[in-house]
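Protein chains in written order, with our numbering: chain L, 0 to 136; chain X, 0 to 136; chain G, 0 to 136.
All residues carry an ideal CB built from backbone N, CA and C; glycine is no exception.
Down below is the structure, laid out as structure tokens.
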Amino acid sequence: MKSITEYLWFNTTRHREFINFTDKAQDLVKRSGIAEGFLLASAMHITAGVYVNDAEDGLIANIEEWLEQLAPYRSDYRHHATGESNGDAHLKSLLVHHEVIVPITNGKLDLGPWQQIYYAEFDGQRKKRVILKALGE
Amino acid sequence: MKSITEYLWFNTTRHREFINFTDKAQDLVKRSGIAEGFLLASAMHITAGVYVNDAEDGLIANIEEWLEQLAPYRSDYRHHATGESNGDAHLKSLLVHHEVIVPITNGKLDLGPWQQIYYAEFDGQRKKRVILKALGE
Amino acid sequence: MKSITEYLWFNTTRHREFINFTDKAQDLVKRSGIAEGFLLASAMHITAGVYVNDAEDGLIANIEEWLEQLAPYRSDYRHHATGESNGDAHLKSLLVHHEVIVPITNGKLDLGPWQQIYYAEFDGQRKKRVILKALGE
């Protein structure tokens with residue numbers, strides 16, 4: 000069995016941001032020498048997500064607006080009694096989920112034609128991490 | 000380590016459809032010879048989902064109605080500037096998620112008594128794929 | 000390759016409950032002898048979830064209220080024609096998802112500083128299970 004682990008750091012300039020890191024994941028898989036396996040891409044924070052979907056700017060704007068509708072910013076979340084103001088970011092993270100598993104076949108990420116891997120920052124402007132870990136042979 | 004990979008093709012007759020493919024996944028695991036491992040079942044499209052829940056027709060109708068409430072069809076998604084009309088299908092896919100990992104124990108999918116694996120088509124009437132990949136020993 | 004499988008039983012006193020089982024998962028990984036791998040933690044029921052987020056009581060109350068808003072209890076779900084009354088619990092389970100994969104690095108769960116693994120019970124007061132299965136080397 001082979002394994003490889005790396006951490007991607009993100010420090011977004013905006014409070015919310017969507018970053019496509021498919022190429023970095025693909026590159027890691029190449030360097031791993033793994034032909035058949037799984038890649039885990041997982042946000043190490045509770046106010047960020049990782050998801051697979053389309054690299055289309057209009058859709059990304061739709062996703063951001065939709066998340067704000069379903070898990071809106073509010074000043075009065077109970078969580079804010081701790082001094083935080085990011086209750087909505089936790090809920091948005093739960094909604095899109097914080098991780099994906101991508102299959103590796105013949106030494107490459109086995110994604111469909113439009114599938115891209117995104118980091119979704121919901122409480123940015125600070126250093127945050129995604130773990131990439133591939134396992135296989 | 001053992002691995003096996005197969006692709007299931009779906010071409011639904013309706014625009015939206017929910018298809019139980021647990022038996023096909025169970026059969027793949029049997030043929031793989033894997034006793035202990037993980038099965039990944041992942042839609043290779045960004046307008047479809049894969050989830051685990053109950054094989055009960057009333058519930059499936061509830062899931063469809065509920066997804067339509069939370070991620071409704073609308074003509075005015077920004078994504079539609081590309082010529083597409085399936086913005087809602089992307090959001091529905093994010094909501095139910097596009098993949099599951101199912102444990103394999105003693106050579107079988109280790110599912111609870113009511114757990115069934117579903118393909119959720121949100122923009123059908125065309126050929127689409129799910130990848131099944133099992134890893135283990 | 001090494002693998003280990005265990006089942007956690009939960010029998011909550013309340014109808015809905017959120018239980019942090021990170022320590023039990025961490026302990027399993029230690030006993031497995033796995034240095035690099037993946038841990039799957041997956042509810043074996045269709046009315047419960049497993050997710051990773053913050054161990055903060057205010058936030059947990061927010062999550063419960065938010066899930067009730069997005070997937071409310073209603074008496075008239077179609078699913079209830081079967082005699083059940085837990086339609087909302089199925090939808091809540093779909094929303095938070097029933098499983099997570101946690102990376103194992105250097106013999107420990109490789110979680111971010113605030114990440115904790117939770118069992119989310121949406122239809123409790125009965126015995127229910129979570130499977131923990133770790134794979135790696």
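Excluding sequence positions up to five before and after H78 (chain G), its CB lies within less than 6 Å of the CB of G86, all in the same chain and listed in chain order. Residue state for R128 (chain X) is assigned as strand, using DSSP reduced to three classes. Per the coordinates, the alpha-carbon of Y72 (chain X) lies some 12 Å from the alpha-carbon of N61 (chain L). Across the structure, K1 (chain X) and F9 (chain X) are spaced so that their CA atoms are roughly 27 Å apart. When DSSP reads this structure, W8 (chain X) sits in a beta bridge with X:R128.
As the crow flies, the alpha-carbon of I18 (chain L) is around 35 Å from that of E35 (chain X). A residue is called buried when at least 16 other Cβ atoms come within 10 angstroms of its Cβ; P102 (chain X) meets this threshold and is buried.
Close to A70 (chain G), with beta-carbon spacing below 9 Å, are these residues of chain X in chain order: W65 and L69. The three-state secondary structure of N19 (chain G), taken from DSSP, is strand. Here DSSP, grouped into helix, strand and coil, assigns I100 (chain G) to strand. Taking the Cα of G111 (chain G) as reference, the smallest distance to any Cα among L:H14, L:V28 and L:A47 is reached at L:A47. Of the candidates X:K91, X:F20 and X:D75, X:D75 places its Cα closest to the Cα of S84 (chain X).
Chain X has a Cβ within less than 8 Å of the Cβ of F37 (chain L). Chain L places no beta carbon closer than 8 Å to that of E120 (chain G), leaving this residue out of the contacts.
By the C-beta density criterion, H97 (chain X) is buried, having at least 16 other C-beta atoms within 10 angstroms. For Q115 (chain L), the secondary structure class from DSSP, reduced to helix, strand or coil, is strand. Counting along the chain, the unbroken alpha helix (DSSP H) around L94 (chain L) starts and ends at G86 to V95. Counting every other CB atom within 10 Å of its CB across the protein chains shown gives G123 (chain G) a total of 16 or more, marking it as buried. Taking a contact as a CB-CB distance under 8 Å, the pair N52 (chain X) and H14 (chain G) does not count as one, their CB atoms being some 19 Å apart.
Nearest Cα to K132 (chain X) within the set X:F20, X:E16, X:S31 and X:T11: X:S31. Taking 8 Å as the cut-off, the Cβ atoms of V49 (chain L) and G106 (chain L) do not count as close. Neighbours of I130 (chain X) in chain L, taken as residues whose beta carbon is under 7 Å from its own, are P102 and D109 in chain order. The beta carbon of T11 (chain G) is closer than 7 Å to those of E120, G123 and Q124 in its chain, skipping five residues each way along the sequence. DSSP places A60 (chain L) in no beta strand (DSSP E) but in the uninterrupted alpha helix (DSSP H) bounded by D56 to L69. Within 8 Å of the CB of I62 (chain L), the CB atoms of chain X belong to H89, L90 and L93, in sequence order along the chain. Neighbourhood of I116 (chain G) in chain X, by CB distance below 7 Å: empty, with the nearest CB roughly 15 Å away. Across the set G:A54, G:A70 and G:G82, the C-alpha of G:A70 shows the shortest separation from the C-alpha of V95 (chain G). Residue nearest to M43 (chain G) within the set X:Q25, X:E136 and X:Q115 is X:Q115 (criterion: CA-CA distance).
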